[in-house]
Each structure stands twice: as structure tokens, then as C-alpha cells.
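Quick note, the sequence shown lines up with residues 139 to 1104 if you use my numbering. Ideal placement from N, C-alpha and C gives every residue a C-beta, glycine not left out. Because the structure is a prediction, the values reported are computed rather than measured. Single-structure report; data block below.
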Amino acid sequence: MPAREVPSPPVAVSPRDPRSRDVVSTLRSPKLRIPRCSPSPRAFIRSSFVRGALDVPELSPAPVTPRGAQGPQGCSASAPEWTSWFNIDHPGGDGDYESLEAIRFYYRGRVCERPVAIQARTTEWELPEDVGEVVHVSPKKGFRCINKEQPQGKTCSNYHIRFLCPLGERPSHVEGGPYPLLARHPPRCRIPPDWVSIVARGTGPSRATLEGFSRRMHGWGGSDPEGGGHGLLHPLPPSSPAEKPYMVLHPKAKVRVAGQEVTFCCKASGTPVPKKYYWYHNGTLLERKVYRYGSHLVLRGLPLRFGQIFLGGRKVGFTGYKGSFTIEVPPDTQRLVVRFVDRQQRLVDAVKVLPFNRRGGAVYQEVKMLRKKEPVDLDGSRSNAIPLGEASGQEPIGELVLPAGVFLRPSGEVFRGTVKASVTFLDPRDMATASAASSDLSFANAEGEIVPLRTYGMFAVDFLEGESGAALQTGPVEVRMDAAQVRMPEHLQKMKLWSLNPETGLWEEEGVLRPAGGNRGKREERTFLVGNLEIRERRLFNLDVPEDRRCFVKVRAYSNEKFNPYEQLEGVVISLINLEPQPGYPANPRAWGRFDSVVTGPNGACLPAFCDGQRPDAYSAYVTATLGGEELEAVASSPKLNPNAVGVSQPYLGKLGYRRLDHDDPNLKKTAFQINVAKPDPNNVDETNGPIYPYRSLEECEEAPVSANHLRFYRVEVDKYEYNVVPFKESDLTSWTGDYLSWWPNPQEFRACFIKVQIEGPQEYMVRSRNVGGSHPRTRGQLYGLRDTRSVRDTLLENTSGACVEFKCSGMLFDQSLVDRTLVSIVPQGSCHRTAVNSLLRDYLSRHPPVADNNHTAAFTMLAPVDPLGHNYGIYTVTDQNPRLAKEIAIGRCFDGTSDGFSREMKADAGTAVTFTSFCPNYLYRRQKKSSKQALLNPPSPGQGTPLNSWGAPGPRKRVRGHGRM
């Protein structure tokens, strides 16, 4: 129920000045009193007690003198000023009471003697009317919200208020009779008054002016030269009369995959011009601070919550609340086909052929799903045509023609009513859709060999009865493909219609598309490839041609940019997207045609790709690499191309046209490269040593020595250092050594532990964890290892960064006999002092003695907990059979500040264990100066200290921050 307000009755005023006329104001506002100039030093406007939701707009800071207004010197209007926000009560018991008397008691001298107006908002920055609550506000008494007056089932929110006071001391005092004045701006989406008139009575200053409220609702009045203040105060002539706000740009429905980014735009017009927008998602108001929206809204990383997972035809589990999932790969699996189903049917089913490490270990995989197209209503008794094609500015690739009476119920009965038809087309001309495509675009030929396909587009259809929502089938329908979109002549004869088998992940032939003349009105001059199809079950359909010009591309991943052969990374997912030929080549416009993913082994990975031996730039490929969700970096191609760094010798490198993604624009990412897939010339010795191998030379590609040409990715670890007393190569589990000082005591189960550190300072800082034996008699006082990590800036918090620092987990050592509580010391670089420790972590450590000595304020020391505590304690623990994957997952959770999320954007104040403050003198001066200014505007509540009391004595701090996930 919206907040109620009591409107003022119409007020008639008879001005004394015969030159003015009677005015009746019907503005719904409380009665206020207009000032009369007097010797008193301050100026006020009085307001009566008002019941309702009040949000007084700010006053304009500078007076405006209307044309012809005059007055004497010595008496001027004072510009008002808002106080800071006050919140002295909480909505317990009978409600929330923010009385002016109590505020003056706790904040002496902070509120003027007689405030002129008041504003009230919830602590979530919402108006009372927006939350549907009944409140009472008065500049003379303050604010109150009474629980028993609220609608059934509601209680008062927590409110804070502020008052409007004149600025500074003035040689005038304001008194006067009642008059109507705008005390709150019109509620959103209502028609504001066309104009507002203010009537003054009594004596006033000569040549004095009075300005009304801002936001394009101004009214002015003046006195006569003798100081008679009886004039009628008129607003400016309505050059821009008030208009009801209306939308001139509506958000448009867009198709995106889960995990992808989508931007919605809207624009409203009216008088005054709307400046504040509210965005809702599924009926929930989105937090403005989290999404930072105005008229634009950007949503990122929407998870598939509780989606069903099928392995073949068997359901094996669900995704989590944040879209996470784990699949155990059955033994002897050669091809892992997984189907993801959205139970709410908002997304198209995704059938993925996931790469996995055949030598064992876990692989991190991100799955993206395509959102279904919004359904349209069709008349089942008439013929209909639905275009196929989503690329903006381009003609559709084809259309789906549905004859009259083609819709059937499962019983075979013809359905002629209203049909809700959703046809979602995945357009390969849009590069962003490649990661959302299902399967690996392969089929089994007559000899049983797996052969790749090149797609011209995929589409999924959903036909439902308009009233009952029951699924419908179809009889023969026609798929028409525009032949002009196929510019490779041989493909016109080989184009086929395919459907995807969701259990095998292979495409099955549905029919051949044959040329036919156009006979559909304006398209008579066009030629179509036409095929027939019957839709009996929910499947994904495809317009593809088999492709036999294939090669393999050799790619390796390294732990750093030194590219040492013994520092190669295993378990990295290398993905290659085949791009259609460049402009000028007789084939399709620029689009993707196929994609493949392979997991690196001890000798890298070989990825299939289309290639051409006649023209090097006929086919190109876009290559990326990820490890546990982390994108690896490709070798730079500008300002100068270094063949030794790229890994390919000249002149073959020039023929490949290697370019990293940021080659022309340094603002782009460095995590992908593009090459021409030029088929090697067997007669050219420079092209017989990789990185491109003929399709029949797969074995040669897989067994190529590390000295042979290959393309490279590497991890960026310039801000990271790891040292183990007992050496261990995390990519090679056979290098594990059984020792009491081993960082990983159990080679069958690797447990990664991280602590989150927040640092308040103007730069990024290196943070070290020193790990020694704490309680075990064989290791007490002996070093296990060191970890150095550079903090990462928080994009939302000024002068704040966070670091996720690994430490050695407590627990059994390799002999599995006694537990060791690792003694961990966290030490930031430079002059940093510890200012806060997570209260839950502190309580846990105190309840599990012994307690480490923490007298040194430049560090934090603890005997590491044995239990996996979680984000509420600032400790992040993950166990996996792969040590690298365990660490990557733990780091992702630590960045996100949650126990089940994953992020690569640092949220420094979420899920933090310990906080340090930099004691750089320049930073401290700026911080203390800023704190002093804030203290004047927002004084601490009773008993609360200042942010920093002295050089060594930080005061208690209180922060609140929320994160929204969608």
C-alpha cells in the first residue's frame, strides 16, 4: 500500500497591494509561512505537521531577480543549506522515532534553531512512498514512523533524516502569515503542477527577491521600493510547461548467453526532465550502487541456477545457486557429452562436448547458454513465416515457413488456435555467439568416422498452445535459406539440414537443401535453398556443410613468459574458433564457422582447424586459453613482432599473420590471438616444422618436440612468488616427495587455503605469508614455505585494495599421525599497521588455543585453523585432486568474498579476515583531512571512535556494503 498524504485545502489569499490580484492555490502541500523581513539575524520558513511521505527538493543556491524587481539595501534572503543525515533510532518496538529534540541532544549545534524543511529516506536510500509506509514529518518536531499504522504485515524501515537550514548569519528575520508553498516534489510518474504561485503578506525589504524551489519549478516575487512586501509572487512565464514524463526509448529485448554481458537502455522525457531511473529484474529493484546504472543498465554473468545436468540420457545432478557444477567423468570415456537444461525453460538446452584430461585431474569449464527468443502469437489456421537471422544491419539468413494447419497435438489432432512460437536463431555472423553454440559441430559419416561441419546458423523452436501452454508438434515445414548468403559455390550443392542428438552430441542429417526460385512477393528475384522438416521433439537444428580442408594447430601453455620447456602447464583448455574467410575471398562474410577445445597434456595440444593451401588468408582462427577460469596471456605482436617469443620462425610467421587481440587497440584484452591457417607447403622446408600440420599428420603434431614451431600462451605472475622448502611441481604430481616439511602432505588430496587481506592505502602492496611448523614436534619452528602476492585494487572503493594470500593449511602431515597447526604470519610491504581483525576469526582462534602472539601491529599472526571456516571468517579452503584447480577455485571465491561464488574482480571489503592501513605520511594527511571533513557532515554515534585516533591507535570502524548477484 503506498504512503498516504493529507493534502492542504485550497487557500485563498487577498493581497494588500491593489496592483495584485486574488490567487487560489490548489497545490497539495502543507501550509508554510512566508518570511517577513525583520531585525532578527536568521531567516526561516515555518511548516505545519504533515502526515505522508515527504521528500523536499533542494533549494537553488542563488537567488534570481525577476525582470523589473527592485528593493532597498540591507535586507537580503538567505540561501538555505541541508544538514548531514541523522539516524539516532532504529525501528524496534513501536517504530522509528527521529525527533528533533533528541537529535539536538546528541548532536549539539548541528541543527539550526528553526529548520525550514525536512527530508526522510530509508537507509537503503528509498522514499517512504516507494516502500509503501505511512510516516509523519515536521521540521519543528522531526520524524516518526509507527508500526501499528503500517499496512498489514509491514513494519517501519530504518530511516535517516536531514533538515534544511539557512546558510550563515543574516541581518534579517523572517516571519509572516500562512501561504501555500511546494513542500515536496511531485511523486514520480505523476503530472507536476504547470506552475506554482506564492503569495506574501506583510512588510518586506525593498528590492528584495525570493526564490522558490529548484528542479525547474521556480517562483519569484519582489517588494516595492518602499519595502511594502504585499506583492503577488509569480513564477517565470511557463516557457516550458510541466509535462507528464513519458518514455522515448524503451529497453529492447536482447538475446544473450548466460554469463555474457547485456546492456539495456532507456530514456524518458518530460518537464522537468527525469534524471533518476529505477531498474527492476524479475520484480526486484536492482541496487544502484552495485550496478551503477542511470538510463543504462548492464547485467553480467547471469548464472543458471539449479539447472539439470544430463550425461547421455541419464540425469546426474544440478547446478548450484551460482551456476557451479561438478561432473565425475566415467572411466574409459572417449567423448564427454553433457546436456544442461533450464528447468524454467528460459534458456535453450545446451549440449556440450566438454574436454577433459585423460591422464586424470580436474578441468575447469565455463558453459554459456542462449536465452530463448520471446514468443510471438501465430494463427494456426493461417500460413506464417518466421525470419532466421539476428545479425544487426544484415539480411536474415533464411526463414521458417509454416503452412496453415501444420501444428499438431501429440495425438495427431490438428491445432488451429493461437500458437505461441519461439524461434531462437544462433547467428554465426555474430562472433559473441560462438561460445554458446551446442556440441562440437561433428557428425559420423558412412564409414563411422567423426567429420567436422561448418555452420551457417542454428535454430531452436518451441511451439506451445496459447491458452494451455501444452507443447505442439508440426507436420512438414519449409526451411528456406537465402542463397545470396552462401558465397562459396560448392557449398550451394552440399548444404544440408541437420538436427542434434542430445545424447551423442552428434548431428544427424534431416535433409538436403535444394535451389528453388523465390515466389514470395518482394523476394521474387532471389534464389533460396529449400528443405523440408518435421518437428516431433525439441531439438536444435542446423544449416551446415561438411568440410574436408582441415589441419591441426600446435599450441603450448607455460607458467610464465620465460617459456622454459619444463614449465609447461597441463590442464589448460585451449579453444579455437574458425573464422570465415576474409573479405575479398569468394566465401561468406566475416563469421565464425566452427569451434574446438582441447586440454593440454605434457606436450601441449593440437587443435583442428579449417585451412587452405592456395591462399594463406582464406581461413583464420581465433585462439584463447584458460586455466581454472583464468585467462592466459598470448605473446605480444606489437610494437614489434618477436619470432622467438611467439615460437614460430620466419618466414612462416609472416605467412600466418600473427596478431594479438590488442594489436591495433591497446585497450583490448591480451588473452587471444588470431592467425591465418595457412596449410603448410610440403615442398617448403620452412613450413614442415609446425605449428600448422596437415590433417593426416595428427601423430606428428602430438609428438612434436618442444623445439619445433608452436604457438604460446603463458600465465602472468609478475606479482606472485612461491617458495617451498621441499620442491614440488604442481603440474607434475609424480614430483611429490614425502617429507614432514612438504607443503602438500597428501598426494591424493590437495587442500588449498587462502586468507583475504584488505589494505587501505593509495597504491598496491606486496603481502607475504610466512609458514612455519606450529604444534607438531617434528616441524615446530621450521619453515614450510613463503608466498608473496600483490594486492589488487577495488574498483568501487577509493584507496583500497585486497590480497588473497595462500598459506599452508593445518592438518595431518605426510605420516598421517599428528596434526600440525601451521604458524602463519601475514606481513604487508611498507609501513602498514594492522587496524582490524575479523571478529569471528578472532573468536575462533581464542576458542582453539594456543593463541599466537600478535603484539607486532605491522603483521598478523595465527595458528591456522584446522576447520574449513569460509568467507564469514575471511578464510577460503578448497580440496581437489588437482592442486592448481584447488587454488584457482579458492582464489575465485576469495576475490568474490563468498564461499560458493567466483570472481576475477576484487571486492576488497567482502569476506575479509584482516585489515591493514598504510602509514604513508602523504596518504595519512589526505585521509585525516578527508576524515575531518566527513566528521563535520556525519558525526559518529555515541561511543563510536573516529576512523583513526592516532598514529598507532586506530579507532573502531563500521562499514556496510552489499553485493547483488543475478
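- For G536, there is no enclosing alpha helix (DSSP H); the residue is part of the beta strand (DSSP E) that begins and ends at G536 to L540.
- The three-state secondary structure of V544, taken from DSSP, is coil.
- P966 is bridged by DSSP to V905.
- Between the alpha carbons of Y760 and W636 lies a distance of about 25 Å.
- Pairing G461 with L442 gives a Cβ-Cβ distance under 8 Å.
- Beyond the five residues adjoining it in sequence on each side, E1026 comes within less than 8 Å, by CB distance, of Y502, L765, G766, G767 and E768 in the same chain, given in chain order.
- L1001: member of the beta strand (DSSP E) spanning F998 to L1001, first to last residue.
- According to the DSSP assignment, R242 belongs to no beta strand (DSSP E) but to the alpha helix (DSSP H) extending over L238 to Y244.
- For M633, the CB contacts under 6 Å within the same chain, skipping 5 residues up- and downstream, are L651, L667 and V683 in chain order.
- Membership of A523 in the beta strand (DSSP E) is indicated by the continuous run N522 to L526.
- Among the bridge pairs identified by DSSP, P304 is matched with P218.
- Assigned with DSSP and collapsed to three states, D824 falls in helix.
- Just so you know, the alpha carbons of N992 and H986 end up roughly 15 Å apart.
- In the three-state reduction of the DSSP assignment, M1044 falls in the coil class, being assigned neither a helical nor a strand state.
- For the pair A747 and Y833, the Cα-to-Cα distance works out to about 9 Å.
- Its Cα nearest to that of D803, the residue S775 stands out among E264, S775 and P818.
- Distances from the alpha-carbon of S845 to those of R798, D568, D480 and G828 put G828 closest.
- If you draw a straight line from the Cα of F402 to the Cα of T571, it is about 18 Å long.
- In the displayed model, F553 falls within coil according to three-state DSSP, outside both helix and strand.
- R547 and D515 have their C-alpha atoms roughly 17 Å apart.
- For the pair N822 and T872, the Cα-to-Cα distance works out to about 41 Å.
- Boundaries around N862 are those of the beta strand (DSSP E), K858 to N862, since no alpha helix (DSSP H) includes it.
- Classified as exposed, T422 has fewer than 16 neighbouring CB atoms from the shown chains inside 10 Å of its CB.
- Using a C-beta cut-off of 8 Å, the stretch 730–745 makes contact with the stretch 702–714, since at least three inter-stretch Cβ pairs fall below that distance.
- Counted as a single uninterrupted DSSP element, the beta strand (DSSP E) harbouring C942 occupies residues T938 to F945.
- With a threshold of 16 other beta carbon atoms within 10 Å, F811 meets it and is buried.
- In the structure shown, T571 falls within a helical segment according to DSSP collapsed to helix, strand and coil.
- Remark: C-beta atoms of F301 and P253 approach each other more closely than 8 Å.
- By the C-beta density criterion, E771 is buried, having at least 16 other C-beta atoms within 10 angstroms.
- As a beta-bridge residue in DSSP terms, H434 pairs with C403.
- Under the DSSP assignment, E264 falls outside any alpha helix (DSSP H); it carries neither an H nor an E label.
- For the set A783, R618, L630 and F733, the Cα lying nearest the Cα of Y696 is the one of A783.
- Distance from K946 to Y982 at the Cβ level is roughly 18 Å; contact not present, criterion being Cβ atoms closer than 8 Å.
- For W417, DSSP assigns no beta-bridge partner whatsoever.
- The alpha-carbon of Q482 is positioned some 11 Å away from that of R509.
- In chain order, V589 place their CB closer than 6 Å to the CB of N583, counting only its own chain and leaving out the 5 sequence neighbours on each side.
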